[in-house]
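Reading through the C-alpha cells given below for one structure.
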Amino acid sequence: MIIEPRVRGFICLTAHPKGCEQNVINQINYIKSQSAINGPKKVLVIGASTGFGLASRITSAFGSDAATIGVYFEKPPQEGKTASPGWYNTAAFETEANKAGLYAKSINGDAFSNEVKQQTIDLIKADLGQIDLVIYSLASPIRTNPKTGITHRSVLKPIGGSFSNKTVDFHTGVVSTVSIEPANEEEIQNTIAVMGGEDWEMWIDALKAENLLADGFTTVAYSYIGPAVTEAVYRKGTIGMAKDHLEATAFTITDKLADLNGKAYVSVNKALVTQASSAIPVIPLYISILYKIMKEEGIHEGCIEQIQRLFQNRLYTGDAVPLDEKGRIRIDDWEMREDVQAQVAKLWAEATTEELPSIGDLAGYKTDFFNLFGFQVAGVDYTADVNEMVKVPGLV
Ligand code: NAI
Ligand code: NA
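In this note's numbering, the protein residues as written are 37 to 432.
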C-alpha cells in the first residue's frame, strides 16, 4: 500500500517500513564510519526499538560486534494497517545484523511484567549464557508493578506550585503560554513508580539470581537534566523526581554487583526529538532553539552520535569511566556548555510565533519528528507501493 503520515498531536498513527529501514541503515553506516569500540560482546537492551535504546543496540552490534537481545513494546502490522515504527526499526536492524553474521533476537511485550523477564532469562540461557551489558532505555507513561498488581500512570507536572512558560505547537509554529497545575503527592509517587529505578533493579536482580551476568558486568540507564527554562516542569517536576530515583538506584545496583566487579551507571543524555520527548510541554520549543545553536556551532548530535560517544569516550576507553560530582556519566556536555545555554536563555526570551522561524530550528524539529515514523527520510520513494506486513526476523 501507499503509506502517508496520519498525525494526531504529538503522535503519528502510521509508520513507513522503508523510511524506518533507511533510518536504521543510516545509523548503522554512521557506526561503521567510526573506529571500532573495544566494548561489550553480549548485550541486552530493554527499550531497544526506538530512540536511545535502538542507538545503543546498533552501537553494540556494529561498533563492538556484539550479540544483542532487544526487548520492546511495539504494535505489529495488520493487513492494511501499519506497525508502530519500532517494529519496522527492529525488523531492519535484525535483518542487517544477520547479514553481518551477528546474533540478534528480540521479545515484544511488557518489560515491566514477570513474563517478559522470564522469557528474556530463558532466551539468554539458551543462546548467550551470560551477558556483559544491559542498557535500560524504557520510556513509558504507564507501568503495572508485577508484585502489587497496581497500575501506575506518570504525569508531567511541576511540584509545589503551578508553572507557566512558553511552548510551541511544532506543527503550526504557534508559540503560546502553557500553564500546568502542580502534582499532588500521589501523582509524584506514581511517576516515580513508572519512570524511576524500581523496574531496572528488578531486571538486574532477576538476571543475577539466574547467574546470567558476566564478571565485570555493566548496566546503564538514561537520564536528563536540561536547562533552567524547563527545570520546573522537568528536572524539579514529577519526571525529575523519577530521574532522581533512577540515579539513586544506580548506586543500589552497583552495591549488589560487588561480587561480580559490576557497575551500574546513569548516563545523562542530550535533549532529542523522540516519541517520549515530543509529549513533554515546553521541551519542543527548547529543542528547536537548542538545535539551531548546536547546528551553528557544529556540535549537534542525534541519538546515534550520542551513544557512539558514550561507548567510545566514556564507557569503553580502557580507563575509569569519567563521572560528575553526583556519580553520573555526562554526555549532555555539549548541550550544557555555558555559551550554548547563555544563547538559549537569550533566544528563549525573544521566542514568539513571529520570531521562532528565524531564531529556532522548527523545521529541523519537524523533520526529526516525521523521521521517527519513517517519513521525510531522504532516498525513500513515498509514492511506491510497500508491504506493511514486515516480519521481525529474530522475534521470539
Ligand atoms: P523512546 O520513546 O524512543 O523509546 C522508548 C522505548 O521503550 C521503545 O523501545 C519502546 O518500545 C520501549 N517501551 C516502552 N514501554 C515499554 C514496555 N512497557 N515494555 C517494553 N518496552 C517498552 O524514548 P527515548 O527518548 O529513547 O527514551 C529512553 C530513555 O532515555 C528514557 O529514560 C528517557 O527519559 C531518556 N532520555 C531521553 C531524552 C530525550 O530527549 N529523548 C534525553 C535524555 C534521556
Ligand atoms: Na529507547
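Glycine included, each C-beta is placed from N, C-alpha and C at the ideal position.
Query                                                                                                                                                          : Result
Closest to M277 by CA distance: which of I289, S314, L392, N220 is it?                                                                                         : N220
List, from N- to C-terminal side, the beta strand (DSSP E) runs of 3 residues or more that fit wholly inside the region 157–185.                               : 167–172, 178–180
Mind checking which residues open and close the alpha helix (DSSP H) that includes F406?                                                                       : 398–408
Taking the alpha helix (DSSP H) that A286 belongs to, which residues open and close that run?                                                                  : 274–292
Identify the continuous alpha helix (DSSP H) that holds G106 and give its terminal residues.                                                                   : Per DSSP, G106 belongs to no alpha helix (DSSP H); it is in the beta strand (DSSP E), 103–108.
Strictly by DSSP, which residues pair up with Q114?                                                                                                            : K117
Going by beta-carbon coordinates alone, are I143 and G89 separated by less than 9 Å?                                                                           : no
Output yes if chain B places a C-beta closer than 9 Å to the C-beta of V357; else output no.                                                                   : Among the chains in the structure shown there is no chain B, since it carries only a single protein chain.
So what does DSSP say about I228, is it helix, strand or coil?                                                                                                 : helix
Looking only at its chain, what residues have a beta carbon closer than 8 Å to the beta carbon of H207, apart from the 5 residues adjacent to it on each side? : V43, K402
Let me know if D158 comes out buried or exposed under the rule of 16 or more other beta-carbons within 10 Å of its beta-carbon.                                : exposed
Can you have a look at S173 and say buried or exposed, based on whether 16 or more other CB atoms are within 10 angstroms of its CB?                           : buried
If you compare alpha carbons, which of L192, T104, H188, V256 is closest to D163?                                                                              : T104
Residues around ligand 1, please: the ones whose beta-carbon is closer than 6 Å to some heavy atom of it, in chain order.                                      : G83, A84, S85, T86, G87, F88, G89, V107, Y108, F109, E110, G122, D146, A147, F148, S173, L174, A175, S176, Y258, S259, Y260, N305, A307, L308, T310, Q311, A312, S313
On the criterion of 16 or more Cβ atoms from any shown chain inside 10 Å, does E2 qualify as buried, or is it exposed?                                         : In the structure as shown, the chain starts at 37 and stops at 432, and residue 2 therefore has no counterpart that could be examined.
For R93, is the classification buried or exposed, using 16 other Cβ atoms within 10 angstroms of its Cβ as the cut-off for buried?                             : buried
I'd like to check one pair, T290 with L169: are the Cβ atoms closer than 9 Å?                                                                                  : no
Mapping the DSSP letters down to three states, classify S85 as helix, strand or coil.                                                                          : coil
If I measure Cβ to Cβ from Q379 and keep anything under 7 Å in the same chain, skipping five residues before and after, which residues do I get?               : I329
Residues in the same chain with beta-carbon distance under 6 Å from A315, minus the five sequence neighbours each way, listed in chain order, please.          : F46
Going straight from the alpha carbon of I409 to that of K54, what length do you get?                                                                           : Correcting the residue identity first, residue 409 is Phe in this sequence and not Ile. Looking at the two C-alpha atoms, the distance is approximately 10 Å.
I340 lies in the alpha helix (DSSP H); which residues open and close that run?                                                                                 : 339–346
Helix, strand or coil: how does DSSP classify N144 here?                                                                                                       : strand
By the DSSP assignment, the beta strand (DSSP E) with Y301 in it spans what residues?                                                                          : 299–304
Measuring straight from C-alpha to C-alpha, what distance separates D467 and K141?                                                                             : A query on residue 467 cannot be resolved here, the shown segment of the chain reaching from 37 to 432 and no further.
Alpha carbons only, please: which of C48, K161, A97 is nearest the one belonging to I61?                                                                       : A97
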